[in-house]
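Trainee: To start, I am sharing the structure in question, which I have written as C-alpha cells.
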Amino acid sequence: MVVDQEMQKLGIAGSKVSLGEVDTIADIPKDKLVQFQMNLDALGVELLDNSKQQLIEKTKNIIITRVHYSEEE
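Below is the structure:
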C-alpha cells in the first residue's frame with residue numbers, strides 16, 4: 333500500500349503492485365526513479381532494481397518461509 337501511494341505521488345503508472353514486486357506500464361524516468369527510491373528508503377523499504385539482488389531476496393524469502401512454516405520438527 334505504501335509503495336502504491338508513493339508511485340501515485342510521483343505519477344508512476346503501475347499495472348501490478350504486490351508484496352515484493354511492482355510491474356510498471358512504462359519505463360520510469362531516471363529522476364522519478366531516484367526520488368521513488370529516496371521516498372521508499374525514508375519509509376524503510378528497499379528498492380531492488382538489480383536482477384541479482386531480486387533473485388537473492390526471493391531465495392531468502394523461500395528459505396524463511398520453509399523454515400518458519402515447516403510442518404516437520
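Heads up: the sequence shown runs through residues 333 to 405, numbered per our numbering.
We put the beta carbon where it would ideally sit given N, CA and C, even for glycine.
Quick one: is I395 buried, meaning 16 or more other Cβ sit within 10 Å of its Cβ, or exposed?
Mentor: Exposed, since its Cβ has fewer than 16 Cβ neighbours within 10 Å.
Trainee: Could you give the residue range of the alpha helix (DSSP H) that holds V335?
Mentor: First-last of the alpha helix (DSSP H) with V335: 334-342.
Trainee: Between the alpha carbons of L376 and E403, how many angstroms are there, rounded?
Mentor: The residue asked about is misnamed: residue 376 is Gly in this sequence, not Leu. If you take the alpha carbons of G376 and E403, they lie about 32 Å apart.
Trainee: Can you tell me the Cα-Cα spacing of E353 and T397, whole angstroms?
Mentor: Going by the C-alpha atoms only, they are around 17 Å apart.
Trainee: For V399 and E389, I'd like the C-alpha separation in whole angstroms.
Mentor: Spanning the two alpha carbons is a distance of roughly 15 Å.
Trainee: Can you tell me which of Y401, I357, I344, L387 puts its alpha carbon nearest to the alpha carbon of F368?
Mentor: Ranking Y401, I357, I344, L387 by Cα distance to F368 puts I344 first.
Trainee: Let's test the definition: count the other Cβ atoms within 10 Å of the Cβ of E338 and tell me whether it reaches 16, buried, or not, exposed.
Mentor: That one is buried.
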